[in-house]
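Position 12, counted from 1, in the sequence shown is what the working numbering calls 14; the numbers after and before it change by one each time, with no gaps. Cβ atoms here follow ideal geometry from the backbone N, Cα and C, with glycine treated the same way. Structure first, commentary second.
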Amino acid sequence: MTHTSVSHHSPALPLLVLLFSSSLWGLSWWPLKQFVEVGLSGPMLSMLVYGPVGLVLAAYLWRERMAWRSQAGLLIALALVGGWANTSFVNALMLGDVVRVMFLFYLSPVWSVLGGWLFLKERVSVRRKLAVAVALAGLWLVLGGAKAFSTALSVADVLALTAGLAFAGNNVIARAGQAIPIRSKTAAVFLGCGVLSGVWVVGLGTPVPDVSLPVSLAVLAYGFGWLLLATATWQFGVTHMESGRAGVVMLAELLVAVLTATWWGGEALSALEWVGGALIACAALIEATDTGAPTPVIPILKKETP
Numbered sequence: 003m004t005h006t007s008v009s010h011h012s013p014a015l016p017l018l019v020l021l022f023s024s025s026l027w028g029l030s031w032w033p034l035k036q037f038v039e040v041g042l043s044g045p046m047l048s049m050l051v052y053g054p055v056g057l058v059l060a061a062y063l064w065r066e067r068m069a070w071r072s073q074a075g076l077l078i079a080l081a082l083v084g085g086w087a088n089t090s091f092v093n094a095l096m097l098g099d100v101v102r103v104m105f106l107f108y109l110s111p112v113w114s115v116l117g118g119w120l121f122l123k124e125r126v127s128v129r130r131k132l133a134v135a136v137a138l139a140g141l142w143l144v145l146g147g148a149k150a151f152s153t154a155l156s157v158a159d160v161l162a163l164t165a166g167l168a169f170a171g172n173n174v175i176a177r178a179g180q181a182i183p184i185r186s187k188t189a190a191v192f193l194g195c196g197v198l199s200g201v202w203v204v205g206l207g208t209p210v211p212d213v214s215l216p217v218s219l220a221v222l223a224y225g226f227g228w229l230l231l232a233t234a235t236w237q238f239g240v241t242h243m244e245s246g247r248a249g250v251v252m253l254a255e256l257l258v259a260v261l262t263a264t265w266w267g268g269e270a271l272s273a274l275e276w277v278g279g280a281l282i283a284c285a286a287l288i289e290a291t292d293t294g295a296p297t298p299v300i301p302i303l304k305k306e307t308p
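Rendered as structure tokens:
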């Protein structure tokens, strides 16, 4: 578990760095949509982006094997659950409306509360119960309100919801796996995403696309450049900032994604969906500012770096 450390930097520096990181995550939909336009499918892209990074980070798994050996089962579970969280989130963004996907994914704090209560026997405060109720009300509105149970979910909706669930499960497993070093957790999640994406590609019989050298370089740059930069800056920000304040700042990710997808991507939601999304954001804010919540483990879905 990583705790907040005393910062020797200017108080404004962690805030600015975390805002920068949140902006990168909020804008991550844009390159994904560009990759769609050149013929890359979601499973193929996630395999090509996360797989190579996972292979590079695999050296940490071997180096730290004595530390995680006693919790090898949890490490495997982390690879599968965290890997699915990445894979399903990438595919949801590539297939669906960015704003809707982000709203559905941001239910992950709610699932984290429920998972911590069910599996780790964590105490759930009245404030956190309120966050769960508000978020579920928001989910009901985003899915259509009274029509929620009569309208079939799209593939992107299912992927976004399962991504949030998997992300929450990822964090519950991370809290349980105290013997596993953070770098090994990171490597396991990246490798899990690459393997699951590869299985998806083979299962669908997806042909390898004929992409140009510039596109291939762009894919590698997205994995080793964009993702790792966003990860490193995020970790610096949360390490030098109180967890509650960091949770509030990270809501900028949702704000950036919603505003850019609306302005640049030309996306639009109904009034009901906007109200539901606002409720989900409020629930995330309530959860982030709950001073009675257990000390959070740094999420390792997408935001860790060795």
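Inset, instruction - Under the assumption that A158 contacts A94 (Cβ atoms under 8 Å), give the Cβ distance between them as a whole number of angstroms. - result: 5 Å
Legend entry - Straight-line gap, N88 to L193 (C-alpha atoms, nearest Å): Each residue's CA atom was taken as its position, placing N88 and L193 some 11 Å apart.
Inset, instruction - For my contact list, A133 and V100 are in at a C-beta cut-off of 8 Å; report their separation, rounded to the angstrom. - result: So it is not a contact: roughly 24 Å between Cβ atoms.
Inset, instruction - List the whole-angstrom C-beta distance separating V250 from L287, where the pair is believed to meet the contact cut-off of C-beta under 8 Å. - result: Distance from V250 to L287 at the Cβ level is roughly 7 Å; contact confirmed, criterion being Cβ atoms closer than 8 Å.
Legend entry - the region 129–146 contacting the region 271–284, beta-carbon criterion three pairs below 8 Å: yes
Legend entry - Residue interval of the alpha helix (DSSP H) (run including M252): Element bounds for M252: n/a, residue is neither H nor E.
Legend entry - Alpha carbon of V299 to alpha carbon of L231, nearest angstrom: Unreliable placement is indicated for V299, whose pLDDT of 40 sits below 50; the coordinate value is still reported in the next sentence. The alpha-carbon atoms of V299 and L231 are separated by roughly 20 Å.
Inset, instruction - Classify W64 as buried or exposed, calling it buried when 16 or more other Cβ atoms lie within 10 Å of its own Cβ. - result: exposed
Legend entry - Residue range of the unbroken alpha helix (DSSP H) whose run includes I282: A273 to A290
Legend entry - Inter-stretch contact (C-beta, 8 Å, three-pair minimum) for the region 37–47 and the region 271–281: The region 37–47 makes no contact with the region 271–281; the number of CB pairs closer than 8 Å stays below 3.
Legend entry - Sequence-distant residues of its chain with Cβ nearer than 8 Å to L271 (five each side left out): D99, V101, R102 and G279
Inset, instruction - State the Cα-Cα distance for the pair A190 and P33, rounded to the nearest angstrom. - result: Cα atoms of A190 and P33: separation of roughly 24 Å, rounded to the nearest angstrom.
Legend entry - Reduced DSSP secondary structure (H/G/I, E/B, other) of P211: coil
Legend entry - D99 in three-state terms, based on DSSP: coil
Inset, instruction - Quick one: using the 10 Å Cβ neighbour count with 16 as the cut-off for buried, is I184 buried or exposed? - result: Counting every other CB atom within 10 Å of its CB across the protein chains shown gives I184 a total of 16 or more, marking it as buried.
Legend entry - Distance cut-off 7 Å: E269 Cβ against heavy atoms of the ligand GDP: Only the bare structure without any ligand can be found here, which leaves the ligand GDP out of the picture.
Inset, instruction - Go ahead and pull the three-state DSSP assignment for G75. - result: helix
Inset, instruction - Could you work out which residue in W27, G268, L256 and A79 is closest to S186 when comparing CA atoms only? - result: Here the closest residue by C-alpha is A79.
Legend entry - Nonlocal neighbours in the same chain, by C-beta distance under 7 Å from V203, ignoring five residues either side: P45, M46 and M49
Legend entry - Contiguous alpha helix (DSSP H) assignments of at least 4 residues, all confined to the region 35–88: 44–65 and 67–70
Inset, instruction - Below 8 Å on the Cβ atoms is my guess for V83 versus I182; work out the distance and round it to an integer in Å. - result: At roughly 13 Å, the Cβ-Cβ gap does not stay under 8 Å, so V83 and I182 are not in contact.
Legend entry - Simplified DSSP state of S199, which is helix, strand or coil: helix
Inset, instruction - On a CA-only basis, which of Q180, G268, W228 and A290 is nearest S25? Give me that one, please. - result: Just measuring C-alpha positions, the residue of Q180, G268, W228 and A290 sitting nearest S25 is W228.
Inset, instruction - Reducing DSSP to helix, strand and coil, say where Y224 ends up. - result: helix
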